[in-house]
Amino acid sequence: MPIKSYRTARCGGSKNRYLEDALDAHPSTLARSLHRGHRPNREQQNPSDPQRRPPLPVELVLLIFRHAKIRNMHPSRELSFSWISHTEPAKVAASSWRAQRMPLFVSPPMEGSKINKISGICLITESKDQGRWSPSWDRGSYSWFEFGIGVSGGQGPSDTDAHRWVPINACQQEPPTQHAENENLQVYLTEKRFGKESLKWKSHSNVVASKAFRRHVGEEFKADHDLFAHLDVGDRLVVWLCAQHTGWTCEVKSATVCVWEWFEPTLF
């Protein structure tokens, strides 16, 4: 049930605005309200009181929150990631009609408990294309970013201890790739496929012919997106730089992956 519909639902009579006030306050307040129930007159224990709302078990409260698609207001600090180039921007350049792709960074191997908590993911970049446009080119942007799914074809010495995203913008898709702060961390990355198709989805394109780096906010991939349908335990999320057709480039000097989680009340 959408939050708006849930807000207007009658719980305990038309004069009871307890849940509506709870929604306006914080989801935790609503969770406590549902779990503890409501007795307008606490001195009377009459179960037939029309104004009384019985308490709900914790399991049912969690189902209500998930069905209402209530999530945390801020991205997860544990799962989100920000990257800034302190030297040259990461760049991929196309030399033919074929699309050229380069991985920018990859996530740690995904755990089942974390996958189930994700409600959405979004990529934000400070990026640009080659900064010019030719009338001989087709209309549209051929400089873009993708989310993809990768699997580890092998493990480096410290790969099993990797619990954070790994920048690999300098690897040019040639393993091993190394974390700038830990030269022992190696990731052998292979694209995951479904049939003959590699699992990648477009996040956003760069503004055409922008000479300056600009902030771009990509599409949010929500929990019902195909990306999560194909994401299995142990897989890695990959951010790709992409360019197609001679003369086109994709350049980025900072990027942020925002990951939101479902709100799960813990204090009742």
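Under UniProt numbering, think of the first position of the sequence shown as 1, with each following residue one higher.
Glycine is no exception: its CB is placed at the ideal position from the N, C-alpha and C atoms.
Tell me whether residue i sits in a helix, a strand or coil according to DSSP, three-state version.
{"i": "T190", "result": "strand"}
{"i": "K117", "result": "helix"}
{"i": "L123", "result": "strand"}
{"i": "V257", "result": "strand"}
{"i": "T249", "result": "strand"}
{"i": "W262", "result": "strand"}
{"i": "A31", "result": "helix"}
{"i": "V233", "result": "coil"}
{"i": "H38", "result": "strand"}
{"i": "E219", "result": "coil"}
{"i": "R66", "result": "helix"}
Identify which residue in the options has its Cα closest to the Cα of residue i.
{"i": "S143", "options": "K196, H216, R193, M110", "result": "H216"}
{"i": "L241", "options": "F228, I70, A255", "result": "A255"}
{"i": "F147", "options": "V259, K211, F65", "result": "V259"}
{"i": "E191", "options": "P57, V92, H230", "result": "H230"}
{"i": "G131", "options": "H35, I84, A93, M73", "result": "A93"}
{"i": "K117", "options": "P57, V208, K222", "result": "K222"}
{"i": "I139", "options": "H225, V207, A212, H67", "result": "This sequence places Arg at residue 139; Ile is not what is there. Considering only alpha carbons, the answer is V207."}
{"i": "D226", "options": "L79, S119, S210", "result": "S119"}
{"i": "R77", "options": "K114, P57, S85, E88", "result": "K114"}
{"i": "P57", "options": "K69, A68, H74, H35", "result": "H35"}
{"i": "G37", "options": "S82, A209, R53", "result": "R53"}
{"i": "E88", "options": "K69, E251, F263, L199", "result": "E251"}
{"i": "F228", "options": "R193, I149, S127, M73", "result": "I149"}
{"i": "S141", "options": "V106, N72, R71, A209", "result": "A209"}
{"i": "F213", "options": "L79, I124, P75", "result": "I124"}
{"i": "L199", "options": "W83, V151, W133, E220", "result": "V151"}
{"i": "E166", "options": "I70, S82, H245", "result": "Here the sequence assigns Val to residue 166, which means Glu is not the residue at that position. Checked all of I70, S82, H245; the closest Cα to V166 is S82."}
Quick one: what's residue i bridged to in DSSP?
{"i": "E146", "result": "K202, W240"}
{"i": "K211", "result": "K211 is not bridged to any residue."}
Residue i CB to nearest chain C CB: under 8 Å?
{"i": "L104", "result": "Checking the listed chains, one finds no chain C in this structure; it contains a single protein chain."}
(message) For the stretch 61 to 79 against the stretch 25 to 33, do three or more pairs of beta-carbon atoms, one drawn from each stretch, fall closer than 8 Å, so that the two count as touching?
(response) yes
(message) Closer than 8 Å is the cut-off here; do at least three beta carbon pairs connect the stretch 201 to 220 with the stretch 97 to 113?
(response) no
(request) Say whether the stretch 110 to 129 touches the stretch 227 to 242, bearing in mind that this needs 3 or more beta-carbon pairs closer than 8 Å, one atom from each stretch. (result) yes
(request) Identify every run of the beta strand (DSSP E) within the stretch 78 to 116, keeping only runs that are complete inside it and at least 3 residues long; order them along the chain. (result) 81 to 84, 90 to 93, 100 to 106
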